[in-house]
Amino acid sequence: MIPLLDLKKQIAPIRADIDEAIKKVIDNTNFILGKEVEELEGEVTRYTGAKYAIGVSNGTDAIKLALIALGVEAGDGVICPAFTYYATAGAIASIGAMPVFTDIDPQTYNMTAHNLEITIRKKKRPKLKAVIPVHLYGQCADMGEILKVAKAYKLRVIEDTAQAFGAEYKGRKAGAIADCGSVSFFPGKNLGAFGDAGMVLTNNKTAADKIRLLRNQGNKAKYFHKVLGYNHRLDTLQAAVLKVKLRYLDGWNNKRRENAEYFNRQLNGLKIKTPFLAPHSSHIYHQYVLRLGASSAKVIEHLRSKGIDARIYYPVPLHLQQCFKYLGYKRGDFPEAEKASSQTLAIPVYPDLTKDEMDYIIASIKEFLG
Ligand SMILES: Cc1ncc(COP(=O)(O)O)c(C=O)c1O
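To convert, count from 1 in the sequence shown and add 874; that's this note's numbering.
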């Protein structure tokens, strides 16, 4: 079986460093907001260019805390793409705000400024406060254009950078461009912890201070709770693991890019579309996503029968998810999101994939396409 990601292969060569980092945390017993959390935050500010980085419990809570810090309240509308992982909209709904969906670009699968403006101008919608573009699969949405529209309508912007930590938009790191950027260090992400972990990036000191309070029970000083906060802290153990892995991230992302380029060359000219590269963004290929002109179910079935994991990210767009039925959307509302949810497939692209494995995947796709 060639899985979509093989973490054992990733961890093996750096195991000794990780064991040592974990051992240090255990020796110090500084499990909650220990020095590794602050050190990782510092390293991430240097890596991304964001002024502030606040370690939090996961990427979903990162969005939630950014929304609250930017003044989004229950009943407010927050625009996000109809085609993304559940958590983007789940975080909006978790504070009683209303997800307002918008369609995606059929080539990049990202939110577009044009669709954003159409959605903003719709009559029947809650009062809008913010917008969350998602850098899906590791490629940045067109932030310059999106920020222009957001500014014109006085909307705050959070970049959902869960899948794009390390990607660049016109030379700037994803997540460090808008009001806030939310990052997920879920184990399967390009930079993954050994459990749940996340971070909020921002250049706004007021927002950074608020998020620091919110993640730690609203504590200004111990047992003095300034605001209604949460337990959304990043574990010291996770920070220690991430500090080791961060050193390898650019190398891993480059290897993903090399693998993607190899697939692009070998699959060129076939009846399957390789990923579109937007000129404004680098791509870190969290997922390498192919596209057919019809349903991808049969090719996925074929690849699985050959022992190759392939999947659709994501098979049901958010406006058609049962949990969001109360928002009142119906099939046909976001045609591009709906098509993407049936015509795409992600194949393995992880850094440790061997040339033989890639050739086998390519041959299996060619066999299916005849
Ligand atoms: C686009 C997107 N947003 C948000 C999240 C949520 O991150 P987490 O699983 O760390 O809560 C994820 C990943 O799981 C994601 O892919």
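For each residue, glycine too, the CB sits at the ideal point set by N, CA and C.
_Backbone CA spacing between K1204 and T962 [nearest angstrom]_ = In the sequence shown, counting from the first residue as 1, residue 1204 sits at position 330. In the sequence shown, counting from the first residue as 1, residue 962 sits at position 88. CA-CA distance, K1204 to T962, rounds to 19 Å.
*Could you name each continuous beta strand (DSSP E) segment of 3 residues or more that falls completely within the region 1122-1208, going from the start of the chain to the end?*
Counting only runs of 3 or more residues that sit fully inside the region 1122-1208, the beta strand (DSSP E) segments are 1162-1165, in chain order.
*Less than 7 Å between the CB of G1072 and some heavy atom of ligand 1, yes or no?*
For the purposes of this step, residue 1072 is taken as the residue at position 198 of the sequence shown. Short note on G1072: C-beta closer than 7 Å to some heavy atom of ligand 1.
_From the DSSP secondary-structure annotation, give me the bridge partner or partners of K1047._
In the sequence shown, the residue the question calls residue 1047 occupies position 173. Assignment of beta-bridge partners to K1047 by DSSP yields E1042.
*asked:* Using the Cβ count rule (16 or more neighbours within 10 Å means buried), how would you classify E1042?
replied: Residue mapping note: residue 1042 aligns to position 168 of the sequence shown, counting from 1. By the 10 Å Cβ count, E1042 comes out buried.
_Let's test the definition: count the other Cβ atoms within 10 Å of the Cβ of Q981 and tell me whether it reaches 16, buried, or not, exposed._
Here residue 981 corresponds to residue number 107 of the sequence shown, with the count starting at 1. Exposed, since its Cβ has fewer than 16 Cβ neighbours within 10 Å.
*Report the residue ranges of all alpha helix (DSSP H) runs contained in full by the region 882-932; include only those spanning at least 4 residues, in chain order.*
Here the runs fully enclosed are 889-902 and 909-922.
*asked:* Per DSSP, what are the beta-bridge partners of S1058 in this structure?
replied: Here residue 1058 corresponds to residue number 184 of the sequence shown, with the count starting at 1. S1058 has G1072 as its beta-bridge partners, per DSSP.
*When DSSP builds the beta bridges, which residues end up paired with D1034?*
Here residue 1034 is taken as the residue at index 160 of the sequence shown, counted from 1. Looking at the DSSP assignment, D1034 forms a beta bridge with V1008 and S1056.
*What beta strand (DSSP E) runs, 3 residues minimum, are completely inside the region 944-1028?*
With a minimum length of 3 residues, the continuous beta strand (DSSP E) runs that stay inside the region 944-1028 are 951-955, 972-976 and 1002-1005.
*State the CB to CB distance for the pair S1215 and P1189, rounded to an integer number of angstroms; the pair is presumed to be in contact (CB under 8 Å).*
Locating residue 1215 in the sequence shown gives position 341, counting from the first residue. Locating residue 1189 in the sequence shown gives position 315, counting from the first residue. With a Cβ gap of about 6 Å, S1215 and P1189 count as contacting.
_Taking 7 Å as the cut-off, is the beta-carbon of D1124 closer than that to any non-hydrogen atom of ligand 1?_
Mapped onto the sequence shown, residue 1124 falls at position 250. Look at D1124: its beta carbon is at least 7 Å from all of the heavy atoms in ligand 1.
*Please state whether DSSP places L1227 in a helix, a strand or coil.*
As a first step, residue 1227 must be located in the sequence shown, where it is residue number 353. In the three-state reduction of the DSSP assignment, L1227 falls in the coil class, being assigned neither a helical nor a strand state.
*asked:* Let me check one thing: in DSSP terms, what residues is D880 bridge-paired to?
replied: Along the sequence shown, one-based indexing puts residue 880 at 6. Answer by DSSP bridge pairing: none, since D880 is not bridged.
*Just mark M875 as buried or exposed, buried being the case when its beta carbon has 16 or more other beta carbons within 10 Å.*
For this step, residue 875 is matched to residue 1 along the sequence shown. When all chains shown are included, M875 counts as exposed.
*asked:* Can you tell me where the beta strand (DSSP E) holding K1079 begins and where it ends?
replied: Translated into the one-based positions of the sequence shown, residue 1079 becomes position 205. Note, K1079: premise wrong, no beta strand (DSSP E); alpha helix (DSSP H) at K1079 to R1089.
*Contacting residues, own chain, Cβ-Cβ under 6 Å from Y1187 (five flanking each side not counted)*: Residue mapping note: residue 1187 aligns to position 313 of the sequence shown, counting from 1. Q1161 and A1220, listed in sequence order.
*Under 8 Å between C-beta atoms of V1223 and Y1159*: Locating residue 1223 in the sequence shown gives position 349, where the first residue counts as 1. Locating residue 1159 in the sequence shown gives position 285, where the first residue counts as 1. Taking 8 Å as the Cβ cut-off, V1223 and Y1159 qualify as a contacting pair.
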